[in-house]
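Peer 1: One structure, as structure tokens, below. Some questions next.
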Amino acid sequence: MKIKCIINQKAKQIDVNNSDFLLDVLRREGYVSVRRGCDNTSCGVCTVLLDGKPIPSCSLLAMKADGHEITTVEGIQDEADKLGRLFGEEGADQCGFCNPSMALTVYALKKENPKANEEEIKAYLVGNLCRCTGYVAQHKAIKKYLEGEL
Amino acid sequence: MIINQYVIASSLEEAYQLLNESKKNKVLAGGAWLKLSVKDVDKMISLDRLSLDYFRETEEEIEIGAMTCLRDIEEHTTIKNLYSGILSSAIGHIMGVSVRNLATIGGSIMGKFSFSDILPVLMVMDVKLKFFHHGIVDIETYMNDRIYQRDVLESLIIKKDEGQGYFRSVSVTPLDFAMVNLAIVKKDGFSVAIGSRPGPALFAKDTMQALNKMHSFHGKALDQVTKICLDEIGLGKNLRASKEYRQVLVQTYLKRGIKQVIS
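So the protein lines, in turn, are chains A and B. Quick note on my numbering: the first sequence kicks off at 1 and runs consecutively. Quick note on my numbering: the second sequence kicks off at 151 and runs consecutively.
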């Protein structure tokens, strides 16, 4: 069956099976920045934006994406670059596996609550796990990003 | 998981008919729990075109469509202010924002998950559930009867009564299921529900009766009430906690909750 959606502002028609999850479809279509981690909503590494809101693509049936707008990190490249630079300065990066999903979630946070304090940043990002850094440097970088520091 | 057919229902009636054609047909809510709870499905019935994500508010009550995502409910101003915001708080404990953008209130209710943080809160808030076939049902009736599992949930209705609320969910990490959770509302009387026992949420009716007769809520009186609660609730053990630890948690948080709602 075909679904029609917009991915990173480009209209797409994609063949999907009834049992496909959005993660499977996106990676099949070449959006490999969307990663497979736990595959059951716990880790956040498969996060994409659906109509601007972060969702776990591993658990959204692809058929439900019909008619919706999907954003991967490639669709917010300029903002992801800003955050990436700040991550680098704060030493908030090691393997980088969680970065694309974290960038998308932070981008959504900026839209929803641009003046988020440290507690609100932590609460918003609790579903984006990082096995490398311990989060402190990441939160510092995110705070600077939200405050517009580059 | 294999889904043979994906059917987008054009009406609640169609969804209900399809659901009851076969036990292998399932209604799809958000799908957050789909991978871990469902094996093969013959017809997966989508409710996406039925406009069931809504808030309809009057002076007396707020009606929430079954396909409304948990995040929208968590952030709703009225929900944040009802009964000390316990529903908003309970939802806010669930996984991360992305999961709460996907999971729906309907899926959370119809799943009847024993680990649910939401169900004990809905119970003490005395919500009503609106089903397509069975009409409006109070949540206690729903929790005690499986006939509603083959119906289509349309919405839930919450009365905007004045009252204090308390909710506590205890887990090892923020992303774990609760070892036990507990919800209390004090309006004219007390309402207490305990979940993740590890069994599904239950009203602590003897406890509620005892509380409603009490005039003093200190010391031995509270000890007596917690004893009644532990005797009636039936706590058990599983991987997350022992029976004894759950008992300690319930004793502690029941007392704290009672003190909070009467203060």
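We put the CB at the ideal spot given by N, CA and C, even for glycine. On a predicted model such as this, the values are computed, not experimentally measured, just so you know.
Between which residues of its own chain and B:R199 is the CB-CB distance below 8 Å, once the five residues before and five after are set aside?
Peer 2: For the purposes of this step, residue 199 of chain B is taken as the residue at position 49 of the second sequence. For B:R199, where only same-chain residues beyond five positions count, the Cβ hits under 8 Å are I158, A159, S160.
Peer 1: Hey, could you find the ends of the beta strand (DSSP E) B:E207 is sitting in?
Peer 2: For the purposes of this step, residue 207 of chain B is identified with residue 57 of the second sequence, where counting begins at 1. Its beta strand (DSSP E) spans residues 205 to 207.
Peer 1: For B:I386 and B:G339, which I take to be in contact (beta-carbon distance under 8 Å), what is that distance rounded to the nearest angstrom?
Peer 2: Residue numbering aside, residue 386 of chain B sits at position 236 when the second sequence is read from its first letter. Residue numbering aside, residue 339 of chain B sits at position 189 when the second sequence is read from its first letter. It should be pointed out that residue 386 of chain B corresponds to Gly in this sequence rather than to Ile. Your pair B:G386 and B:G339 does not check out as a contact, with CB atoms roughly 28 Å apart and the cut at 8 Å.
Peer 1: Across the stretch 215 to 231 of chain B and the stretch 288 to 298 of chain B, are there enough close Cβ pairs to call them in contact, namely three or more that are closer than 8 Å?
Peer 2: no
Peer 1: Can you find a C-beta in chain B that's less than 8 Å from the C-beta of A:S59?
Peer 2: Residue 59 of chain A sits at position 59 when you count from the first residue of the first sequence. Yes, A:S59 lies at the interface with chain B (some Cβ there is under 8 Å from its Cβ).
Peer 1: With B:V215 and B:L202 assumed to form a contact (beta carbons below 8 Å), what rounded beta-carbon distance in angstroms separates them?
Peer 2: For the purposes of this step, residue 215 of chain B is taken as residue 65 along the second sequence, with counting starting at 1. For the purposes of this step, residue 202 of chain B is taken as residue 52 along the second sequence, with counting starting at 1. The residue asked about is misnamed: residue 215 of chain B is Gly in this sequence, not Val. About 4 Å separates the two Cβ atoms, so the contact holds.
Peer 1: I need the straight-line Cα distance from A:S42 to A:N128, nearest angstrom please.
Peer 2: In the first sequence, residue 42 of chain A corresponds to position 42, counting from 1. In the first sequence, residue 128 of chain A corresponds to position 128, counting from 1. Looking at the two C-alpha atoms, the distance is approximately 8 Å.
Peer 1: Check the Cβ of B:A182 against every Cβ in chain A and list those closer than 7 Å, keeping chain order.
Peer 2: Numbered from 1 along the second sequence, position 32 holds the residue referred to as residue 182 of chain B. Ordered by position in chain A, the residues that pass the 7 Å Cβ test against B:A182 are T41, S59.
Peer 1: Thinking C-beta only, is A:F97 closer than 8 Å to A:A62?
Peer 2: Numbered from 1 along the first sequence, position 62 holds the residue referred to as residue 62 of chain A. Numbered from 1 along the first sequence, position 97 holds the residue referred to as residue 97 of chain A. Cβ atoms of A:A62 and A:F97: not closer than 8 Å.
Peer 1: On the premise that B:F327 lies in contact with B:V271, defined as a C-beta separation below 8 Å, what is that separation, rounded to the nearest angstrom?
Peer 2: By one-based count along the second sequence, residue 271 of chain B stands at place 121. By one-based count along the second sequence, residue 327 of chain B stands at place 177. Rounded, the Cβ-Cβ distance is 16 Å, inconsistent with contact.
Peer 1: Considering only residues of the stretch 288 to 318 of chain B, which uninterrupted beta strand (DSSP E) runs meet the minimum length of 3 residues and lie entirely inside it, listed in chain order?
Peer 2: 303 to 309
Peer 1: Give the residues of chain B in contact with A:I14, contact being defined as C-beta atoms less than 9 Å apart.
Peer 2: In the first sequence, counting from the first residue as 1, residue 14 of chain A sits at position 14. Going along chain B, no residue has its Cβ under 9 Å from A:I14, so there is no contact; the nearest lies around 14 Å.
Peer 1: Taking the C-alpha atoms as reference points, what is the distance between B:I241 and B:V320?
Peer 2: For this step, residue 241 of chain B is matched to residue 91 along the second sequence. For this step, residue 320 of chain B is matched to residue 170 along the second sequence. Cα to Cα, B:I241 sits roughly 14 Å from B:V320.
Peer 1: Which residues share a DSSP beta bridge with A:P54?
Peer 2: Position 54 of the first sequence, counting from 1, holds the residue named residue 54 of chain A. Bridge partners of A:P54: A:L49.
Peer 1: Is the separation between the beta-carbon of B:I259 and that of B:L303 shorter than 8 Å?
Peer 2: Against the second sequence, residue 259 of chain B aligns to sequence position 109. Against the second sequence, residue 303 of chain B aligns to sequence position 153. Cβ atoms of B:I259 and B:L303: closer than 8 Å.
Peer 1: Mind checking the stretch 77 to 96 of chain A against chain B and listing, in chain order, the residues whose C-beta falls within less than 9 Å of any C-beta there?
Peer 2: Flagged: no residues at all.
Peer 1: For B:S196, which option in A:L50, A:D66, A:E74 has the closest C-alpha, if you only look at C-alpha atoms?
Peer 2: For the purposes of this step, residue 196 of chain B is identified with residue 46 of the second sequence, where counting begins at 1. Nearest option by C-alpha distance: A:D66.
Peer 1: In whole angstroms, give me the CA-to-CA distance for B:L306 and B:M275.
Peer 2: One-based indexing of the second sequence puts residue 306 of chain B at position 156. One-based indexing of the second sequence puts residue 275 of chain B at position 125. Answer to the nearest angstrom: the Cα atoms are 11 Å apart.
Peer 1: Out of curiosity, what's the CA-to-CA distance linking B:V411 and A:D93?
Peer 2: Translated into the one-based positions of the second sequence, residue 411 of chain B becomes position 261. Translated into the one-based positions of the first sequence, residue 93 of chain A becomes position 93. Their Cα atoms are separated by approximately 45 Å.
Peer 1: Go through its chain and collect everything with a Cβ distance to B:E213's Cβ below 6 Å, but skip five positions before and after it.
Peer 2: As a working note, residue 213 of chain B is residue 63 in the second sequence. Counting only Cβ-Cβ distances below 6 Å, and skipping sequence neighbours, we find R206, S305, I307.
Peer 1: Look at the Cβ atom of B:G369, then the Cβ atom of B:V335, and state whether they are nearer than 8 Å.
Peer 2: For the purposes of this step, residue 369 of chain B is taken as residue 219 along the second sequence, with counting starting at 1. For the purposes of this step, residue 335 of chain B is taken as residue 185 along the second sequence, with counting starting at 1. Not in contact: B:G369 and B:V335 (Cβ atoms no closer than 8 Å).
Peer 1: Quick one: what's got a C-beta closer than 7 Å to A:E29's C-beta in the same chain, skipping five residues either side?
Peer 2: Taking the first sequence and counting its residues from 1, the one referred to as residue 29 of chain A is at position 29. Closer than 7 Å at the Cβ level, and outside the excluded window around A:E29, lie I14.
Peer 1: Contact check, A:I55 vs A:C5 under 8 Å by CB: the rounded distance?
Peer 2: Translated into positions along the first sequence, residue 55 of chain A becomes position 55. Translated into positions along the first sequence, residue 5 of chain A becomes position 5. Between A:C5 and A:I55 the Cβ distance is about 13 Å, and since that is not below 8 Å, they are no contact.
Peer 1: Got a sec: is the Cβ-Cβ distance from A:N117 to anything in chain B below 8 Å?
Peer 2: One-based indexing of the first sequence puts residue 117 of chain A at position 117. No, because no Cβ of chain B sits closer than 8 Å to the Cβ of A:N117.
Peer 1: Just to make sure I have the definition right: I need the residues of chain B whose C-beta is within less than 7 Å of the C-beta of A:Y124. Which are they?
Peer 2: Here residue 124 of chain A refers to the residue found at position 124 when the first sequence is read from its first residue. Those are V247, listed as they occur along chain B.
Peer 1: Run the CB neighbour count on B:G384, radius 10 Å, all protein chains shown included, and call it buried at 16 or more, exposed below.
Peer 2: The count along the second sequence starts at 1 and reaches residue 384 of chain B at position 234. With fewer than 16 Cβ atoms within 10 Å of its Cβ, B:G384 is classed as exposed.
Peer 1: So that I know if they touch, is there some Cβ in chain A lying closer than 8 Å to that of B:I255?
Peer 2: For the purposes of this step, residue 255 of chain B is identified with residue 105 of the second sequence, where counting begins at 1. No, B:I255 lies away from the interface with chain A (no Cβ there is under 8 Å from its Cβ).
Peer 1: Under 8 Å, Cβ to Cβ, is there at least one residue of chain A near B:N154?
Peer 2: Working through the second sequence from its first residue, we reach residue 154 of chain B at position 4. Output row for B:N154: interface = yes.
Peer 1: Decide if B:T208 is buried, meaning its Cβ has at least 16 other Cβ atoms within 10 Å, or exposed.
Peer 2: As a working mapping, residue 208 of chain B is identified with position 58 in the second sequence. Classification for B:T208: exposed.
Peer 1: Applying a beta-carbon distance threshold of less than 7 Å, which residues of chain B neighbour A:G134?
Peer 2: Here residue 134 of chain A refers to the residue found at position 134 of the first sequence. Correct list: empty, because the minimum Cβ distance to chain B is about 15 Å.
Peer 1: Under a CB-based cut-off of 8 Å, is A:I55 close to chain B?
Peer 2: Here residue 55 of chain A refers to the residue found at position 55 when the first sequence is read from its first residue. By this cut-off, A:I55 is an interface position.
Peer 1: Measuring only the C-alpha atoms, how far is A:E89 from A:A141?
Peer 2: Counting from one through the first sequence, the residue named residue 89 of chain A turns up at place 89. Counting from one through the first sequence, the residue named residue 141 of chain A turns up at place 141. One C-alpha to the other measures close to 8 Å.
Peer 1: What in chain A is Cβ-close to B:D198, meaning under 8 Å?
Peer 2: Your numbering for residue 198 of chain B matches position 48 in the second sequence. The answer, in chain order, is K64.
Peer 1: Taking buried to mean at least 16 other C-beta atoms within 10 Å of its own C-beta, is A:P114 buried or exposed?
Peer 2: Reading the first sequence from its first residue, position 114 is the one you call residue 114 of chain A. Around the CB of A:P114, fewer than 16 other CB atoms lie within 10 Å, so the residue is classed as exposed.
Peer 1: What did DSSP end up calling B:Y166 once you bin it into helix, strand or coil?
Peer 2: To locate residue 166 of chain B, count along the second sequence from 1; it is residue 16. It is helical.
Peer 1: Span of the alpha helix (DSSP H) holding B:T402?
Peer 2: As a first step, residue 402 of chain B is located in the second sequence; it is residue number 252 there, counting from the start. Per DSSP, B:T402 belongs to the alpha helix (DSSP H) from 393 to 412.
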